[in-house]
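Chemist: Could you have a look at this structure, given as structure tokens, before my questions?
There are 2 protein chains.
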Amino acid sequence: MGTPRQSAARQAGFPIDNGYVVTVIVSGVKPSHTGRVPDLRHASAAAGPRRPPGRPPVPREDIVAAALAIVDDEGLDALSLRALAQRLGSGTATLYRHFEGRSELLAEVADRVLGEVRVDADAVAEGWEDACRELARALFRVLCRHRNAAPLLAQRIPLGPHAMVQRERALALLLERGFSRELAVGAYTTISRHVLGYAMQLGGSIAPDRDREAAEVSAQIDTLDGRRFPATAKVADLMPVPIEAEFEFGLNLLIEGLAVLRDREQTA
Amino acid sequence: MGTPRQSAARQAGFPIDNGYVVTVIVSGVKPSHTGRVPDLRHASAAAGPRRPPGRPPVPREDIVAAALAIVDDEGLDALSLRALAQRLGSGTATLYRHFEGRSELLAEVADRVLGEVRVDADAVAEGWEDACRELARALFRVLCRHRNAAPLLAQRIPLGPHAMVQRERALALLLERGFSRELAVGAYTTISRHVLGYAMQLGGSIAPDRDREAAEVSAQIDTLDGRRFPATAKVADLMPVPIEAEFEFGLNLLIEGLAVLRDREQTA
DNA sequence: ACCTGAACACCGTTCAAGT
DNA sequence: ACCTGAACACCGTTCAAGT
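Protein chains in written order, with this note's numbering: chain P, 1 to 268; chain L, 1001 to 1268.
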């Protein structure tokens, strides 16, 4: 009865994470084949090279890749198990041989996205300010590429192998640069949430939806009542700020604030 | 063909918003009856006091209130139109007489939540730092109460009447305190996103789900490999920080950063 | 051993028909 | 004028049956 818990073996140990995924991969790691705990589900007994009967199994990687492709092309809502099965040329029931259900699949898609993060090694070797900026930007770049997938990283705490490796590297970097344990955790958490918060507002959905929403908002500009909303009217010309500029502004605020706290800590 | 655009008249004019809903209602405004553009759909022709035939219409307010109750009690996913209709003792088709569809209903629920924001008038009258803190906290308090509804405010730009009134008051406050137009917009946007980002991580879902996830994360603590993740292990005891403390930490970082920028601006 | 069609209990949305 | 049952085309998930 019920599908066996297939996920237990795949999740390497990691404690509480109340922050998020600022990521570092300096060396040339391939997107999703490295740093992954091997899937042992088919290696039970003393599995020799004997060819099992039936069709060859669909590789997990292929399923996750196809799922991400659907999310990128058509949005998160378009990723139904039926659509995914169709793209893979199989049936929906087949997917349940590889994943406990939809949410496990989504978690794997999220970790695959994290696996694409690349940071500039030189920038990370600089002072902590530039290092933090580069880490934040590296994740932001990936989420710009996979903007439809951003909510996946926000709605559940990423616990996949890439998430854990990258969190480790970010925390190590801060501790090495002389941050106290408390300030390192605070800095990591805050910056990570900053990145995700902005990424989630890049574009909720597919292109047609974005166009419709943009048009809707534009229409509202014209009908703004300057008497009811004088302050808003006064800054209305500034308000469709390019999101990338806003991201940088907020990031600099955080780093400026961290510098103040760090100075206080060191002189105390 | 298709449902007529019922939403056009309800949305008062407002320009682009690239930030979010830091809110101010100082006076004692009731949750959702004030500041609302009247619904004119049933006032066509010279509508006298003549009683129309058929059942009396279900009040819009009641529908929205019931929807929010479902979201609060059972989570966002539990809000299906069937469940809502059942709670109201009617059919799903009835709901389409009042709302264009599910997404319009959700937008109204979001604005109703914003209508519950209350700020402490004394705190807002203080210096800009305390004023900003109180605005942020006031919204955060409401989102703690309606934590399941937080994603509604993040996934679409709030354009309802409460959202607009509160944005106006926040921007006015900053401009009155001597912020430049640019810095006021930046401060408003950043603080708003901060609040929402944390609120969305208060609890993704209903109680049983939260318990399951907490247990899952706890299990990961025990299996953490200190050799693979030394930095993470070193701060592991700090990492389930109470979310309220983390919220305050990040908020103070932002305000500290804004103070630096403001000083630079004033001395330049 | 692995895949699959068909079923189950849902979902948002529409519309002809009721009162 | 307003409400409604029933239908349409979906959805995630399960399971007995195929090869």
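Every residue gets a Cβ at the ideal spot worked out from N, C-alpha and C, and that includes glycine.
1. Cutting at 7 angstroms between CB atoms, please list the residues of its own chain near L/A1233, excluding the five before and the five after it.
2. Against chain P, which members of the segment 1168–1195 of chain L pass a CB distance test of less than 7 angstroms?
3. Can you confirm whether the segment 96–111 of chain P touches the segment 128–144 of chain P when touching is taken to mean that 3 or more C-beta pairs between the two stretches lie within less than 8 angstroms?
4. So, with DSSP's three-state summary, where would you put P/T232?
5. Give the single residue among P/R60, P/R87, P/E61 and P/L174 whose Cα lies nearest to the Cα of P/I70.
6. Is P/V21 helix, strand or coil when you go by DSSP?
7. Quick one: which residues of the segment 1253–1266 of chain L get their C-beta closer than 8 angstroms to a C-beta of chain P? List them in chain order.
8. Using CA coordinates, which residue listed in P/L114, P/I191, P/L261 and P/Y96 is at the minimum distance from P/R145?
9. Determine the DSSP secondary structure at L/V1119, reduced to helix, strand or coil.
10. Would a C-beta distance cut-off of 9 angstroms place P/F140 and P/Y198 closer than the cut-off?
11. DSSP three-state label for P/P158, please.
12. Taking only three categories from DSSP, how would you classify L/V1241?
13. Just reading off the alpha helix (DSSP H) that L/L1114 is part of, what are its end residues?
14. Please check if any C-beta of chain L sits within less than 9 angstroms of the C-beta of P/G160.
15. Near L/T1190, which residues of its chain fall below 7 angstroms by C-beta distance, leaving aside the five closest residues on each side in sequence?
16. Could you say which of P/A184, P/P161, P/G250 and P/T94 lies nearest to P/R262 if we only look at CA atoms?
17. Of all Cβ atoms in chain L, is any one closer than 9 angstroms to the Cβ of P/E272?
18. Is P/A136 near the ligand ZN, with its Cβ less than 8 angstroms from a heavy atom?
19. So, with DSSP's three-state summary, where would you put L/Q1201?
20. Determine the direct distance from the alpha carbon of P/Y188 to that of L/A1121, and round the result to whole angstroms.
21. Just to confirm, is the Cβ distance from L/A1149 to L/L1068 under 9 angstroms?
22. Please list the residues of the segment 1228–1241 of chain L that have a C-beta atom closer than 9 angstroms to any C-beta atom in chain P, keeping them in chain order.
23. State the Cα-Cα distance for the pair P/A78 and P/L84, rounded to the nearest angstrom.
24. Which chain P residues are close to L/Y1198, counting only those with a beta carbon under 8 angstroms from its beta carbon?
25. Leaving aside the five residues before and after L/P1052 along the sequence, list all residues of the same chain whose C-beta is less than 8 angstroms from its C-beta, in chain order.
26. Kindly indicate the opening and closing residues of the alpha helix (DSSP H) around P/A66.
27. Residues in the same chain with beta-carbon distance under 6 angstroms from L/E1129, minus the five sequence neighbours each way, listed in chain order, please.
28. In the DSSP assignment, the alpha helix (DSSP H) including L/L1088 goes from what residue to what residue?
29. Taking C-beta pairs closer than 7 angstroms, name the residues in chain L that P/A154 reaches, listed in chain order.
30. Do we get a CB-CB distance below 9 angstroms when we pair L/F1249 with the residues of chain P?
31. Please classify L/S1103 as buried or exposed, where buried requires at least 16 other C-beta atoms within 10 Å of its C-beta.
32. Excluding the 5 residues preceding and the 5 following P/E265 in the sequence, name in chain order all residues of the same chain whose CB lies nearer than 7 angstroms to its CB.
33. By Cβ distance below 6 angstroms, which residues in the same chain neighbour L/K1030 in space, the five residues on each side in sequence not counted?
34. Do we get a CB-CB distance below 9 angstroms when we pair L/P1306 with the residues of chain P?
35. From P/R118, P/R60 and P/E176, pick the residue whose C-alpha is nearest to that of L/P1230; which is it?
Modeler: On the basis of the supplied data:
1. These residues qualify, in order along the chain: L1224 and G1226.
2. Residues passing the 7 angstroms Cβ filter: E1168, L1171, A1172, L1175, R1181, E1182, A1184, V1185, G1186, T1189, T1190 and R1193.
3. Under the three-pair Cβ rule at 8 angstroms, the segment 128–144 of chain P does not count as touching the segment 96–111 of chain P.
4. Helix, per DSSP.
5. Checked all of P/R60, P/R87, P/E61 and P/L174; the closest Cα to P/I70 is P/R87.
6. Only weak support is given to the placement of P/V21: the predicted model assigns it a pLDDT of 33, under 50, and the value that follows is read from those uncertain coordinates. In the displayed model, P/V21 falls within coil according to three-state DSSP, outside both helix and strand.
7. Cβ contacts with chain P come from L1253, L1254, I1255, E1256, G1257, L1258, V1260 and L1261.
8. Cα-wise, what sits closest to P/R145 is P/L114.
9. In this structure, L/V1119 counts as coil in the three-state DSSP scheme.
10. For P/F140 and P/Y198, yes; Cβs fall inside 9 angstroms.
11. If DSSP states are grouped into helix, strand and coil, P/P158 belongs with coil.
12. Coil, per DSSP.
13. Residue range R1102 to L1114 is occupied by the alpha helix (DSSP H) that includes L/L1114.
14. By this cut-off, P/G160 is not an interface position.
15. By the criterion of a C-beta distance shorter than 7 angstroms, L/T1190 is surrounded in its chain by L1254, once the five residues flanking it on both sides are discounted.
16. In terms of CA proximity to P/R262, P/A184 leads the group P/A184, P/P161, P/G250 and P/T94.
17. Residue 272 of chain P lies beyond the stretch modelled for chain P, which goes from 1 to 268, so this question has no answer here.
18. This structure lacks the ligand ZN, and indeed carries no ligand of any kind.
19. Residue state for L/Q1201 is assigned as coil, using DSSP reduced to three classes.
20. A straight-line Cα-Cα distance of about 34 angstroms links L/A1121 and P/Y188.
21. Yes; because the gap between Cβ atoms is below 9 angstroms, this pair is in contact.
22. Per Cβ criterion, the list reads R1228, F1229, P1230, A1231, T1232, A1233, K1234, V1235, A1236, D1237, L1238, M1239, P1240 and V1241.
23. So the alpha carbons of these two residues sit roughly 9 angstroms apart.
24. The answer, in chain order, is R193.
25. A caution first: L/P1052 carries a pLDDT of 46, below 50, which makes its placement in the model unreliable, though a value can still be read off. Contacts found: none.
26. R60 to E74 is the extent of the alpha helix (DSSP H) around P/A66.
27. In the same chain as L/E1129, and ignoring 5 residues on each side of it, the C-beta atoms closer than 6 angstroms to its own belong to I1255, in chain order.
28. Note, L/L1088: alpha helix (DSSP H), L1081 to L1088.
29. Chain order gives the chain L residues near P/A154 as M1200, where near means a beta carbon separation below 7 angstroms.
30. Yes, L/F1249 lies at the interface with chain P (some Cβ there is under 9 angstroms from its Cβ).
31. Exposed, since its Cβ has fewer than 16 Cβ neighbours within 10 Å.
32. Once the five neighbours on either side are set aside, the close Cβ partners of P/E265 are S180 and L183.
33. Per-residue confidence for L/K1030 stands at a pLDDT of 30, beneath the threshold of 50, marking its modelled position as unreliable; the derived number appears in the next sentence. Short of 6 angstroms from the beta carbon of L/K1030, and not among the five residues preceding or following it, lies no beta carbon of its own chain.
34. Absent from the model: residue 1306 of chain L. The displayed extent of chain L is 1001 to 1268, so no value can be given.
35. Nearest C-alpha to L/P1230: P/E176.
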